[in-house]
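Chemist: Pasting a structure below so you can have a look.
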Ligand SMILES: [Zn+2]
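In the numbering used here, the protein residues as written are -11 to 287.
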């Protein structure tokens, strides 16, 4: 009888072991770039849902009740941090989620800037750290650590996928540096819609002026537009780029008035949808750099 009981216990523990092994981790991330990193590292062991879909502006996002339900069923929540998801604390507070919350930018020293609307207020961190590929590597390590912590049974897979992806990111960084190094320094000046590319500018030696601040929440004032027009003339900036998440009309108007070229669309705070050119982070960075360089090489 005793042996039979031990046998039963063994079988049931093996069964639950198998069941856990087959169960995918339910991961909820705030926006599409984190979704791509998590899918790459997690592979078949995770099911990833992004709160903010591709081609959408995270700065103006408003959570819905469905998102609270999604979070309450999650095993892991991953966010960017650095003030990017101003809405997330209230959302987490409104659910009974007690699981792990990973901040993907943990360990990154952010660039900080003054809010042009509040110049006397203390500087705020710039949340768009993923535009520097070295920072993207930190995101990936943080996500990998969180998956390993929650699912140590598959750590070998997570570690192998992380190693291979970090190598791809390293190659991407080298490729980007090579692309920009062929453009003379004095030509590396552009205008973007909002101040999302500060990390790209700092890492790869480009000067990027933005029509709006680090958020898209408020419309640019007449003063900001006038200042930008002046800046275009003063610094001989030759190209202006719109973004997949912002309204193109105002930028086109400025380009028309100042007679500078519109260089195309950059992907700033979201990947493209399935049919677009930036469905993964690697594509996103390659697309932006190719778009920038094709215009800067000509001017
Ligand atoms: Zn942004």
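Cβ coordinates follow ideal geometry from the N, Cα and C atoms, glycine included. Note that the structure is a prediction, hence the values are computed from the model and not measured.
1) Could you give the first and the last residue of the continuous beta strand (DSSP E) run that contains residue 36?
2) Is it the case that the CB of residue 184 approaches a heavy atom of ligand 1 more closely than 6 Å?
3) Can you tell me the Cα-Cα spacing of residue 67 and residue 120, whole angstroms?
4) Output the distance between the C-alpha atoms of residue 54 and residue 222, rounded to the nearest integer angstrom.
5) Which of helix, strand or coil does DSSP assign to residue 178?
6) Is it the case that the CB of residue 257 approaches a heavy atom of ligand 2 more closely than 6 Å?
7) Return the first residue and the last residue of the alpha helix (DSSP H) that residue 160 is part of.
8) Check the C-beta distance from residue 181 over to residue 19 and give it rounded, since I have them as a contact under 8 Å.
9) Going straight from the alpha carbon of residue 217 to that of residue 94, what length do you get?
10) For residue 56, report the span of its beta strand (DSSP E) as first-last.
11) For the pair the region 219 to 237 and the region 181 to 200, tell me if three or more CB-CB distances fall below 8 Å.
12) Looking only at its own chain, which residues have a Cβ that is under 6 Å from the Cβ of residue 69, when we skip the five neighbours before and after it?
13) Where does residue 106 sit, in a helix, a strand or coil, going by DSSP?
14) If residue 186 sits next to residue 114, beta carbons under 8 Å apart, how far is it from one beta carbon to the other, in whole angstroms?
15) Using CA coordinates, which residue listed in 274, 256 and 173 is at the minimum distance from residue 224?
16) Work out the CA separation of residue 276 and residue 264 for me, nearest whole Å.
17) Using only alpha-carbon positions, find the residue among 60, 272, 245 and 31 that is nearest to residue 291.
18) Roughly how far, in whole angstroms, is the beta-carbon of residue 176 from the beta-carbon of residue 194, given that I think they are within contact range, below 8 Å?
19) Cα-Cα, which of 13, 202, 110 and 21 is closest to residue 62?
20) With distance defined between alpha-carbon atoms, name the residue in 84, 59, 47 and 135 nearest to residue 34.
21) On the DSSP bridge assignment, give the partners of residue 14 in chain order.
22) So, do the region 141 to 149 and the region 25 to 43 have three or more beta carbon pairs nearer to each other than 8 Å?
23) Look at the alpha carbon of residue 148 and the alpha carbon of residue 132, and state the distance between them as a whole number of angstroms.
24) Shortest alpha-carbon distance to residue 60 belongs to which of 88, 239, 43 and 74?
25) Identify every residue that forms a DSSP beta bridge with residue 100.
Modeler: To lay it out plainly:
1) Position 48 of the chain shown, counted from the first residue, corresponds to residue 36. Element bounds for residue 36: 34 to 38.
2) Taking the chain shown and counting its residues from 1, one reaches residue 184 at position 196. Flag set: Cβ of residue 184 near ligand 1.
3) Working through the chain shown from its first residue, we reach residue 67 at position 79. Working through the chain shown from its first residue, we reach residue 120 at position 132. Taking the straight line from one Cα to the other gives about 17 Å.
4) Residue numbering aside, residue 54 sits at position 66 when the chain shown is read from its first letter. Residue numbering aside, residue 222 sits at position 234 when the chain shown is read from its first letter. Straight-line Cα distance between these residues: approximately 49 Å.
5) Locating residue 178 in the chain shown gives position 190, counting from the first residue. It is a strand residue.
6) In the structure shown, ligand 2 is absent; the only ligands present are ligand 1.
7) For the purposes of this step, residue 160 is taken as the residue at position 172 of the chain shown. 143 to 169 is the span of the alpha helix (DSSP H), which, as asked, contains residue 160.
8) What you label residue 181 is simply residue 193 of the chain shown in a count that begins at 1. What you label residue 19 is simply residue 31 of the chain shown in a count that begins at 1. With a Cβ gap of about 17 Å, residue 181 and residue 19 do not count as contacting.
9) As a working note, residue 217 is residue 229 in the chain shown. As a working note, residue 94 is residue 106 in the chain shown. About 37 Å.
10) Start at 1 with the first residue of the chain shown, and residue 56 comes out as number 68. Note, residue 56: premise wrong, no beta strand (DSSP E); alpha helix (DSSP H) at 53 to 60.
11) yes
12) The sequence position of residue 69 within the chain shown is 81, counting from 1. 91 and 93, listed in sequence order.
13) As a position in the chain shown, residue 106 is number 118, starting the count at 1. Note: residue 106 maps to coil in three-state DSSP.
14) Along the chain shown, read from residue 1 onward, the residue named residue 186 stands at position 198. Along the chain shown, read from residue 1 onward, the residue named residue 114 stands at position 126. 5 Å between Cβ atoms; contact.
15) The residue labelled residue 224 in the question sits at position 236 within the chain shown. Minimum Cα distance to residue 224 is reached at 173.
16) Residue 264 sits at position 276 when you count from the first residue of the chain shown. Residue 276 sits at position 288 when you count from the first residue of the chain shown. Approximately 13 Å, taken between the alpha carbons.
17) Absent from the model: residue 291. The displayed extent of the chain is -11 to 287, so no value can be given.
18) As a first step, residue 176 must be located in the chain shown, where it is residue number 188. As a first step, residue 194 must be located in the chain shown, where it is residue number 206. That pair is a contact at about 4 Å.
19) Walking along the chain shown from the start, residue 62 turns up at place 74. The option with the nearest alpha carbon to residue 62 is 13.
20) By 1-based counting over the chain shown, the position of residue 34 is 46. The option with the nearest alpha carbon to residue 34 is 135.
21) Counting from 1 along the chain shown, the entry for residue 14 is found at position 26. Answer is 35.
22) yes
23) Against the chain shown, residue 148 aligns to sequence position 160. Against the chain shown, residue 132 aligns to sequence position 144. Approximately 10 Å, taken between the alpha carbons.
24) The residue given as residue 60 occupies position 72 in the chain shown. Comparing Cα positions, the closest option is 88.
25) In the chain shown, the residue the question calls residue 100 occupies position 112. The partner list for residue 100 (beta bridge, DSSP) reads 113.
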